[in-house]
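Peer 1: Can you read through this structure? Questions will come right after.
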Amino acid sequence: MRLHRLDLTAFGPFGGSQSVDFDDLSAAGLFLLHGPTGAGKTSILDAVCYALYGSVPGARQSAQGLTLRSDHAAPGTRTEVTLDLTVAGRRLEVTRQPPWERPKKRGTGTTVEKAQSALREYDAVTGTWKDLSRSHQEIGEEITQLLGMSREQFCQVVLLPQGDFARFLRADAEARGRLLGRLFDTRRFAEVEKRLAERRRTAEARVREGDAALLADAHRMQQAAGDAMELPELAPGEPGLAEAVLTAAAVARSTAREQLTIAECGRLAAESAQAAAERALADVRELARSQERFAQARERARLLEERAGEHRQAQARMERARKAEAVAPALELRESADAEHRRAAAAETRARALLPERFAEAGSAGLAAAARRAAEELGGLESARRGERRLAGLVAERADLDRQERADEDVLAETEGWLADWEATRTSLQARVESAQEAATRAEQLAVQREPAQRRLKAARLRDQLARDTDEAQKKALASGDRALEARTHWLDLKEQRLNGIAAELAATLRDGEPCAVCGATDHPAPARKVAGHVDRAAEEQALAAYQRAERARADAERDLGLVREALAAATAEAGDTPTDRLAADADELERGYLQARRDASALHPAREELRGAEQEYERRTAAQREAAVRAASRVGHRERLERERAALEEELARARGAAESVAARAAQLERRAALLADAADAARAAEDSAERLKAADGRLDEAAFRAGFDTPQAAADALLDDTAHRELQRRLDAWQSEEAAVRAVLAEPETVAAAQRPPADLATAEQAAAEAAERLRRAASAQDAAARRCAELDRLSARAADGVRRLAPLREEYDRVARLAGLTAGTSADNERRMRLESYVLAARLEQVAAAATVRLHRMSSGRYTLVHSDDRTGRGRSGLGLHVVDAWTGRARDTSTLSGGETFFASLALALGLADVVTDEAGGVRLDTLFIDEGFGSLDDQTLDEVLDVLDSLRERDRSVGIVSHVADLRRRIHAQLEVVKGRAGSVVRLRGGA
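Quick note on our numbering: the sequence shown kicks off at 50 and runs consecutively.
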């Protein structure tokens, strides 16, 4: 990294604009930055740091950066820092503007304006500057990636604050560890320690959880075994717990199987006793049943003897019913004839009641003759009835003529009114047609403008989306670059580790008697051994492959970013710079105008149809007016003809209806009279016929009753039984016969008679004996089931416990392995003799590198007297790893760095700072640092030491470096010709270049 130019405006103590040309200052290799206290020497270094990282070192950075603004600046002057530098072969220009409080453009008061950043790169081919980014985050990531250092590392490596390194020399191991941890970013090793500790706690918890589950299964086995099992007195996590639980489970299973065998024998004995008791109970129950059956048969025979009289009466009643069945047809015939006669007599009475009194005594022949005379008179009125119907038609026809006349009058009146407004209606409709035609023309014109506006709006939206996609792609490209850098760093670390352990790898190929590939010797007395964490060729190649994949991913991301940027440029070319909202508003306005014109034009067809309909209506109404006038003239003659025909019909009908209201009323009277007379004649004839049939039925009934043996027909009717009574009587007779036969059969059985002669059966005693045998069998079966369940449960729990022990074995091995690693990395393991943590071990290696690099310059500054060495000895009961001693060549003894004098402390800390700068530079990927600054401390040196220190600093030019010294020492102004002086004044500080190239 080489600084070219720094421009300041309203920054720190500088109220105006100041420029620092580092190219002129760096030409001499060594330049001096001096000025009175408070003039702003450190502010120049702060400006460099702020331009690169957007913040200044230490407590000088406020929360919002408002304190960076100069109090001497004019209210309208914006604070700005611009740095021109070359890093990693690229010429860059970084411009940063911190937030500032400016006067409002309108009204009074002030407002805070946000910070701004810009990054440009110089294109040597075109000779122009090219904009790269205006994002704070992107610029910070780009600068950090190119430099390979954080802000803290940059301030320690490039600005070299001597006071910090003087404190570093005198600090204890813990303070040194904090500083080195920030510089070398060893947080990943601390994370490894933390991760191992977490894994140890997790593995321990899982082992304890497994032991707790095993103990829980042991308690369940103890419950299943009935407390016959003794549990081991061990806690979860203690060794030997699994073996003790499995041994106790085996003893419990053996005891349970012995108890199961005993229970099976008891059940077999109980089954035999229960079977014998059941057989005895069955015999007693059979004897009791036979004795009970014989007693019930004797009781049923006694009841049959008591009801013998009732049985004989039922048999006699059944015999009389059978004889009466021969008279039943004659009885039914007489009842049918009697019912028919009563119905005919009632119908005759009703028919005669409707006739006039003069027909009350008339017979059926007289009634029939009167009915014929009424029918003949009705036939003579038929002609008059037709005339009456024609008169009604004439009246209706006259009313229809009146209705037509009124309708025609209404049509004429409506037509005259409609025709009066015809001209105005036609003019209005024609105007609507013309307006719609104009709207159609306007819609066609807007349709031509609509598609280009939509295309431009679509391109503008695509432009906005691609702008967002460009930001996202740029972020992905930066992230891919970070991952590629991390993969490269990891690969280089593994490569360095492999090179450090290459001797062990070569030693693995040595064979007795075969020459060594390095020295050629055939004797290999002490071949190198691989240490823990050895990196082999496969691991290095795997890391290299990961780096190459990350590099390809970075290239793909950059290619995607280029494609998105090209698409954005094409979309911007089509859409222009007009905002999308404005294009959308214009397109919406054009669309609304187009839709309104379309809606107005859509009324063209309806307007034309309405005009065409109105013209057709005009023709129709004109024709209807002419037709109504013709109908009115024809109705006059028709009305006169109807009047003449009506008068003739009314005269004829008056003669035909007589006293009745109308001919129809007279005809209805005659029709009703003829119908009543005919009905009465039919009813009289039916009554006479039914009386004859009733008399014949009575004679046949008397003869049938006499032949059946009954004195009177009524006696035969009383002896008859209906179906229900006949079935019930027959059922009673059949039941008697069945019961009598069953009783005789039971009393005749030899087994039943023999059982009745034996003593009464003792059923209760037999049942009690059988119940006791069944209870003993149930208890024996329950005992066997309980023993079988106990065995099954113990087998299940034992299998689960054994499975748990097998599953827990890998967890316990993992816990032991992780616990050893965690204790080793935390410095608490007995194997870690120096009690050095992993992070401290890594920092100790870095400190050893720093001490070696610092010793090269310290040895020259001190005329070969002092050497810085790293010490990993423990101090008291504390941990070791970050000790730092200075070896005095004059005495040959090492002493603590806190015993150095002021001047010795200065050049020792300077050597340490330069050595640290070299190590951090190598750590950052070998980024070349061509510009360094050293801040204060030279006043504590004598002339000789000052010359030696300046010689060391001047030797840095051998690497084409330029070194800036920040100091008040007046002697340095005589020794160093290239100077940058900072002069302070009431209006702010200014810079002056003296003795440059």
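Glycine included, each C-beta is placed from N, C-alpha and C at the ideal position.
Under a three-way DSSP split, which group does residue 136 fall into?
Peer 2: Collapsing the DSSP output to three states places residue 136 in a strand.
Peer 1: Going along the chain, which unbroken runs of the beta strand (DSSP E) with 3 or more residues stay wholly within the segment 436-463?
Peer 2: none
Peer 1: Return yes when at least one heavy atom of the ligand NAP lies under 6 angstroms from the C-beta of residue 128, else no.
Peer 2: Summarising the ligand content, the structure contains no ligands, and the ligand NAP is consequently not present.
Peer 1: Are three or more beta carbon pairs between the segment 262-272 and the segment 807-818 nearer than 8 angstroms?
Peer 2: no
Peer 1: Please look up how many angstroms separate the CB atoms of residue 639 and residue 495, rounded, as I've assumed it's under 8 angstroms.
Peer 2: 6 angstroms
Peer 1: Please confirm whether residue 805 and residue 379 have their CB atoms less than 7 angstroms apart.
Peer 2: no
Peer 1: Name the two residues that bound the continuous alpha helix (DSSP H) containing residue 68.
Peer 2: No alpha helix (DSSP H) holds residue 68; the beta strand (DSSP E) holding it covers 63-70.
Peer 1: For residue 1030, which three-state DSSP category applies?
Peer 2: Three-state result, residue 1030: strand.
Peer 1: When burial is assigned at 16 or more other CB atoms within 10 Å of the CB, is residue 612 buried or exposed?
Peer 2: exposed
Peer 1: Roughly how many angstroms separate the alpha carbons of residue 876 and residue 545, rounded to a whole number?
Peer 2: 25 angstroms
Peer 1: Pick from 932, 789, 106: whose alpha carbon is nearest that of residue 347?
Peer 2: 789
Peer 1: Within this structure, are the beta carbons of residue 485 and residue 652 separated by less than 7 angstroms?
Peer 2: yes
Peer 1: Going by Cα to Cα distance, which pick from 808, 419, 584 is closest to residue 407?
Peer 2: 419
Peer 1: Please report the distance separating the alpha-carbon of residue 529 from that of residue 908.
Peer 2: 44 angstroms
Peer 1: Tell me the rounded alpha-carbon separation between residue 620 and residue 493.
Peer 2: If you draw a straight line from the Cα of residue 620 to the Cα of residue 493, it is about 28 angstroms long.
Peer 1: For residue 931, tell me which candidate among 942, 940, 946 has the shortest Cα-Cα distance.
Peer 2: 946
Peer 1: Between which two residues does the beta strand (DSSP E) containing residue 889 stretch?
Peer 2: Annotation for residue 889: no beta strand (DSSP E) segment contains it, though the alpha helix (DSSP H) segment containing it runs 887-910.
Peer 1: So for residue 981, helix, strand or coil by DSSP?
Peer 2: strand
Peer 1: Would DSSP call residue 411 helix, strand or coil?
Peer 2: Residue 411 sits in coil when the DSSP states are folded into three classes, being neither helix nor strand.
Peer 1: Whole alpha helix (DSSP H) runs in the segment 771-819 with 4 or more residues, listed along the chain?
Peer 2: 772-796, 799-806
Peer 1: Report the option in 289, 120, 156 whose CA atom is closest to the CA atom of residue 861.
Peer 2: Closest by alpha carbon: 289.
Peer 1: Give me, in chain order, the residues of the same chain whose beta-carbon lies closer than 7 angstroms to that of residue 635; leave out the 5 immediate sequence neighbours on both sides.
Peer 2: 502
Peer 1: Is the distance from the Cβ of residue 151 to the Cβ of residue 162 below 7 angstroms?
Peer 2: Going by beta carbons, residue 151 and residue 162 fall inside the 7 angstroms limit.
Peer 1: Which runs of the alpha helix (DSSP H) fall wholly inside the segment 156-213 and span at least 4 residues, in chain order?
Peer 2: 185-196, 200-206
Peer 1: Considering Cα atoms alone, identify which of 542, 165, 939, 695 is closest to residue 444.
Peer 2: 695
Peer 1: To the nearest whole angstrom, what separates the beta carbons of residue 84 and residue 121, a pair I think is in contact under 8 angstroms?
Peer 2: 16 angstroms between Cβ atoms; not a contact.
Peer 1: Please return the same chain residues whose Cβ sits closer than 8 angstroms to the Cβ of residue 183, not counting the five positions on each side in sequence.
Peer 2: 165, 166, 167, 168
Peer 1: DSSP has residue 944 in a bridge; who is on the other side?
Peer 2: 935
Peer 1: Could you tell me the boundaries of the beta strand (DSSP E) in which residue 1039 lies?
Peer 2: Per DSSP, residue 1039 belongs to the beta strand (DSSP E) from 1039-1043.
Peer 1: Quick one: grab the DSSP three-state call for residue 615.
Peer 2: helix
Peer 1: Under DSSP, the beta strand (DSSP E) around residue 56 begins and ends at which residues?
Peer 2: 51-60
Peer 1: When we look at the beta-carbon of residue 45 and count the other beta-carbons within 10 Å, is it buried (16 or more) or exposed?
Peer 2: Limits of the chain in this structure are 50 at one end and 1046 at the other, which puts residue 45 out of reach.
Peer 1: Use the C-beta contact count for residue 268: other C-beta atoms within 10 angstroms, 16 or more gives buried, fewer gives exposed.
Peer 2: Exposed, by the Cβ-count rule.
Peer 1: Please list the terminal residues of the continuous beta strand (DSSP E) segment that includes residue 759.
Peer 2: Residue 759 -> no beta strand (DSSP E), and no H or E assigned at all.
Peer 1: What is the residue span of the alpha helix (DSSP H) that residue 339 lies within?
Peer 2: Per DSSP, residue 339 belongs to the alpha helix (DSSP H) from 290-355.
Peer 1: Return the chain-ordered ranges of every alpha helix (DSSP H) run that is complete within the segment 578-651 and spans a minimum of 4 residues.
Peer 2: Along the segment 578-651, the alpha helix (DSSP H) occurs as fully enclosed runs of 4 or more residues at 586-624, 629-650, listed in sequence order.
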